[in-house]
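Chains as they are written, first to last, in my numbering: chain C, 1 to 316; chain L, 1001 to 1316.
We put the beta carbon where it would ideally sit given N, CA and C, even for glycine.
Inspection log for the structure reproduced underneath, given as C-alpha cells.
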C-alpha cells in the first residue's frame, strides 16, 4: 500500500483510489462520497426535496450506505426490505433482514423500514417460484429480479412513494453494460441509465445514486461509518454470469485503473449524444390481474409466474 | 482432444470447433472455409467477378490464407507487400517479405506480388517515422496503421485496383470492437464493418472476407494447405492494447465458446437494425500534397507525419 497521505489534509489516508489518483483520510473520504453523491443526484435530476424516496434495502453495504447518504443529504428516504425466503442452509434472508433492521434502529431511528414477506403474501418463496422454471440456478437470478422489481414498484405505488432508489454501484452497472454489449441487446442498452423516469402507466421513477462509485468505495464508506452489513453473497449467485463479467472487468481494471469508470461514463455520454437510437418501446398495457404495466397480452410476467402449475404452460 | 470424427465423412477430424459444435477432417475443413468465405463475400457484396482485388499481404497466416481463398474462388487477386522497415534485431520485415514471395512463387505462380519499400520512397522506415512522435511503442502501432492504410489506398488507386482486401480475422475484429466499446468511440463503432464502400473522394472500397473466422481456423487453413508463414508477432506489438484485449476475449471464449462470434455478429445485426445512429462524417477534402481524402485542413495525417521535423509542430 505505501504511504499515501490525504490530499486534503495530509493525514494518513484510509483509501487510495488509483482510478482518480486520489488518496483521502476517513473524514475527507466520507465528505467526498457525500458531495459527489449530491452532485450526481442533481446532475441526473434523481430527487427533489419534496420527493418521498423508497430505498430498496438488501442488508448489504451498497443499499445501507445509500440509505445513510440520502438521509444525511436531507432527503425523505424510507427503506424496503423484501424477504425473498432464501435460506439455502445459511438463513440468508433472515440474517440479511437483521442487518437492515439493526441499521434502521441504531443509526437512523427516525427512518422507517418496511419489511415485505414474499412467501407470506404469495404462499411461495422466491426459490420455490424459480424451481418451477427450467434452467436451475441461472434462472433463479432472473426470477428473483422480476419479483423484486414488481414488488418494489407495487409497494411504492401503494404507499405513495415518488421514487425508488437502488444501491447499484459502478461495478454492477459496468457488468450489466458489458453483458448487454456482448449480445448487443438494443432494448436494454437504450434503457440502461442512472435514472428512469416514471412512464405514466404506473411504473414509478427509479434512480441509482451510487452508480458512479466503485464497489470498493461503497464498502469503505460502510466500514468507516460503522455500518454492519451482510457480507456473504447470495448463495444462488455462485456461478452467475454477472460475477464472471465482474471478474473480467476487475482484471482489466487492475491493469488499467479507471477502465470501468471510462466504460460506463463514455457509454452515458455516447447515449446523450444520441449514438444509440431510441426506438419506440412495444406498447404497454395494464396487467389483467395486478394492474401494473406490461408489454405482454393478458397477465404480466410476475403474475404468470404465480399462476397455478400447469395453467401457464398450457397453450390452446 | 478426444476422438472427434468429421461430421461430413466420419474420418478422423483435424479440428473441433466448439463454437460451431463442428469437427471436420482436412478435406471437409478446407471445403467449409472456402464455402463460408464465398457466402460471406456474397452476403456483404464484397467483390464481383470483374473486380480487381489488391490483397494486403503481411506474410502471416491470415493474409496468405485470404489470398489463396480468393484465387481458389476464381477472383482476380494480386498481393501487395509493404516493407515497413521493421528490423528490431530479427529482420522482421525482411523475413516476412520472403514468406510472401515464396507463397507467390510456389503456390500460385500466376499471381502478381507488388512489393512496396516505404524507406526507399519516403527516406524513412516506419519505426523512424514513429520515433518522432511521443508515446513510444504504443504510438508505433497507430503510425504503422496510418502508413499502411495510406499506402495501400495510394497503390490501389495508382494501379487501378477496385477493392482492397485485408486478412483481419474474427479475433482481430472482436478485439477492435471491444476497444471501441470500452470508450464508446462513436465514429469508429459506426464505421466498423466487414466492408466499407468507396467514398467517391478517392478512398478505395475495402473488405475483410475472413472476419467470420477465428484465428485458430485461419491458422489451421494455412497449415493444412502447406502455406509457410511468418509465425512471430511484430516485435513492436509486445504490450499492445489489442493483444491485451485479445487475451481477455480468449479467456471468455474458453469459458463460453462462441463469445467472440456472438459479440461481433450481434453487433453487425444491431447496426443493420439501426441501433447505432449513423451521423454525418466531417466533410472530407483532398490533401494539398498527396490528394487523398482527409478531414483535416491542409495536409492529411500521413503527409503531416512526413513533414520535416520542427515544421509540423510549429503553431503560429
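With a cut-off of 8 Å, does the C-beta of residue 193 (chain C) fall near any C-beta of chain L?
Among the CB atoms of chain L, none fall inside 8 Å of the CB of residue 193 (chain C).
Does residue 183 (chain C) come within less than 8 Å of chain L when only Cβ atoms are used?
yes
Taking Cβ positions only, does residue 1319 (chain L) come closer than 8 Å to chain C?
Since the first and last residues shown for chain L are 1001 and 1316, residue 1319 (chain L) lies out of range.
For residue 76 (chain C), name the three-state secondary structure that DSSP assigns.
The DSSP-derived three-state label of residue 76 (chain C) is strand.
Go ahead and pull the three-state DSSP assignment for residue 21 (chain C).
coil
Is there a C-beta anywhere in chain C that falls below 8 Å from the one on residue 1176 (chain L)?
Residue-level contact check: residue 1176 (chain L) does not touch chain C, since none of the beta carbons of chain C fall below 8 Å from its beta carbon.
With DSSP as the reference, please indicate the residues paired to residue 1114 (chain L) in a beta bridge.
L:1080
Is the Cβ-Cβ distance between residue 392 (chain C) and residue 224 (chain C) less than 8 Å?
The question about residue 392 (chain C) has no answer, for chain C in this structure spans 1 to 316.
Mind checking if residue 1164 (chain L) is an interface residue toward chain C, Cβ cutoff 8 Å exclusive?
no
Is the shortest distance between the beta-carbon of residue 29 (chain C) and the beta-carbons of chain L less than 8 Å?
no
Shortest alpha-carbon distance to residue 174 (chain C) belongs to which of C:247, C:79 and C:80?
Per the Cα distances, C:247.
The beta strand (DSSP E) with residue 1208 (chain L) in it runs from where to where?
No beta strand (DSSP E) contains residue 1208 (chain L), which DSSP labels as neither H nor E.
Report the three-state DSSP secondary structure of residue 121 (chain C) (helix, strand or coil).
helix
Taking CB distances under 8 Å as the criterion, tell me whether residue 93 (chain C) reaches chain L.
no
Okay, do the segment 1231-1245 of chain L and the segment 1285-1299 of chain L touch, 3+ Cβ pairs below 8 Å being the bar?
no
Does any residue of chain C have a CB that is nearer than 8 Å to the CB of residue 1239 (chain L)?
Answer no: the Cβ-Cβ gap between residue 1239 (chain L) and chain C never drops below 8 Å.
Secondary structure at residue 269 (chain C), three-state DSSP: helix, strand or coil?
helix
What's the gap between the Cα of residue 88 (chain C) and the Cα of residue 165 (chain C)?
28 Å
Using a C-beta to C-beta distance shorter than 9 Å, which residues of chain L count as neighbours of residue 255 (chain C)?
1244
For a contact meaning CB atoms closer than 8 Å, what does residue 1273 (chain L) contact in chain C?
186
Which of helix, strand or coil does DSSP assign to residue 14 (chain C)?
Three-state result, residue 14 (chain C): coil.
So for residue 1219 (chain L), helix, strand or coil by DSSP?
helix
Rounded to whole angstroms, what is the Cα-Cα separation between residue 254 (chain C) and residue 216 (chain C)?
Linking residue 254 (chain C) to residue 216 (chain C) through their CA atoms gives a straight-line distance of about 13 Å.
Hey, how far is the Cα of residue 191 (chain C) from the Cα of residue 176 (chain C)?
12 Å
When you compare the segment 17-31 of chain C with the segment 44-55 of chain C, are there three or more beta-carbon pairs, one atom per stretch, that lie closer than 8 Å?
no
Residue 1024 (chain L) to residue 1065 (chain L), Cα distance in whole Å?
18 Å
Could you check whether the Cβ of residue 1248 (chain L) sits closer than 8 Å to any Cβ belonging to chain C?
yes
Can you tell which of C:115, C:133 and C:4 has the C-alpha that lies nearest to the C-alpha of residue 148 (chain C)?
C:115
Taking residue 266 (chain C) as the query, report the chain L residues whose CB atoms sit under 7 Å from its CB, ordered along the chain.
1183 and 1184
Under the three-state reduction of DSSP, which class applies to residue 1058 (chain L): helix, strand or coil?
coil
Could you check what DSSP says for residue 1293 (chain L) in three-state terms: helix, strand or coil?
strand
Looking only at DSSP bridge pairs, what is residue 165 (chain C) linked to?
The beta-bridge partner set that DSSP reports for residue 165 (chain C) consists of C:55 and C:207.
If contact is defined by three or more beta carbon pairs under 8 Å, each pair taking one atom from either stretch, is the segment 1198-1216 of chain L in contact with the segment 197-209 of chain C?
A contact is defined here as three or more CB-CB pairs under 8 Å, and the segment 197-209 of chain C fails this definition with respect to the segment 1198-1216 of chain L.
Taking Cβ positions only, does residue 263 (chain C) come closer than 8 Å to chain L?
yes
For residue 259 (chain C) and chain L, any beta-carbon pair shorter than 8 Å?
yes
Is DSSP giving residue 1149 (chain L) helix, strand or coil here?
Reduced to three states, the DSSP call for residue 1149 (chain L) is helix.
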